[in-house]
Structure formats: C-alpha cells, structure tokens
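Residue numbers (my numbering): -4 to 186.
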C-alpha cells in the first residue's frame, strides 16, 4: 500500500553529512498529490525539487556518484529524462532516452508493462545502445517496478550490460526493488 499523504521521505544513509543534509532538504520538497492520476493513487511530485537549483544539484550530484564505469545513462520518460541528462553531464557519459510508445522515428525494441494504475509501453531508440555497452538507468520514482523492469528488459534485449538503476525516490512498500534483481538498485530517498 502506498504510504499516506504528508509522509516525508527518509534520506537513505549517505556517508557525507553535508550531502545527507542536502537530501533532507530535498525530501521536504517532495509534494504529495492524492488521487492522481486516478482515485486511490498517491502521486509523489518531484517538480518542486527540480525547480529548486540547490536541491536539483544535490540530487544530480548524488545520482552521478552512482554511475560507476557506465558509458551511457538511460533516462526513463519523462522526469527520468531530466534527471538522466543532468546525471550524464556530471558523470561524463552519454544519455539515451527510454520513451513512451509512438515518440520515436526508429525503434530498437518495445516493452509493455503494468503500472499500479494501468498499462504502458516503453521504446528504445534504434542505433543508440551498442551491444556490450555499460548502461546505468535513472528514473524519478521506483514504485511497483514495472517501468524499471521494462527499461531493463529493453536495454538487455539490445545487448547492453545494465550496471545499475537509480531513483530519487523509492516507494518501498510497493516492492519494485525486487523486480530488478539482480541489478543494483539505488534510491536517495525512501518512503
């Protein structure tokens, strides 16, 4: 079950005290939107985090520190594009968008998956991820894991070596982390 409104996310343990304080500030900016996109769903809106330069920089810096030896960051539509592109710049990698169906002129593959409130399809652009490329996936929120698992499957099917998956916020009670085993999953905040 999705935790109720007004539950401030917990900062996941960070070794650097200053970074931990920055992420506590980030957590306070995450906004709860009840009954969106459908009744009974509590949407965790990270838009206030993105709009705050210091908070956004703290998130991007922490996520970039997790990229390791990946050559490409894959940002998952749509807020994952914003985070993924910024993370790629800081980490010194390329970036590839994982898009919703019908948005790409040439498609390498597609995956349909279940959401907590429906279904969706993701697509990978053709000729952007070479077989054997090390790819790190970035998204905004990990909930049930459907979107993350679909992105992972797309990249794996393209021959990529997915080195990890990271999000700003994990809704731990929804169990998405388990759907991504065995790849490492990182979350800066958890509720």
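Cβ coordinates follow ideal geometry from the N, Cα and C atoms, glycine included. These numbers come from a predicted model, not from an experiment.
Distance between beta carbons of residue j and residue i, contact taken as under 8 Å
i, j, result
"residue 129", "residue 152", "About 16 Å separates the two Cβ atoms, so there is no contact after all."
"residue 88", "residue 66", "6 Å"
"residue 159", "residue 63", "7 Å"
"residue 7", "residue 183", "6 Å"
"residue 104", "residue 140", "Contact doesn't hold; Cβ gap of about 19 Å is too wide."
Buried or exposed by the 16-neighbour rule on C-beta atoms within 10 Å, applied to residue i
i, result
"residue 26", "exposed"
"residue 266", "Because the chain here runs from -4 to 186, residue 266 falls outside it and cannot be looked at."
"residue 147", "buried"
"residue 186", "buried"
"residue -4", "Confidence at residue -4 is low in this model, with a pLDDT of 43, below 50, so the placement of that residue should be treated as unreliable; the coordinate-derived value is given next. With fewer than 16 Cβ atoms within 10 Å of its Cβ, residue -4 is classed as exposed."
"residue 84", "exposed"
"residue 113", "exposed"
"residue 13", "exposed"
"residue 180", "buried"
"residue 165", "buried"
"residue 168", "exposed"
Option in the options with minimal Cα separation from residue i
i, options, result
"residue 200", "150, 24 and 90", "For the chain, the structure presents residues -4 to 186; residue 200 sits outside this window and is missing."
"residue 121", "80, 91 and 24", "91"
"residue 56", "104, 18 and 126", "18"
"residue 93", "40, 5, 29 and 144", "144"
Okay, do the segment 19 to 36 and the segment 95 to 109 touch, 3+ Cβ pairs below 8 Å being the bar? No, the segment 19 to 36 does not touch the segment 95 to 109.
Quick check on the DSSP output: what are the complete beta strand (DSSP E) runs of length 3 or more inside the segment 104 to 154, in order along the chain? Runs found: 113 to 120 and 129 to 137.
Which residue spans inside the segment 1 to 45 form an unbroken beta strand (DSSP E) run of at least 3? List check, beta strand (DSSP E) in window: 26 to 29 and 37 to 40.
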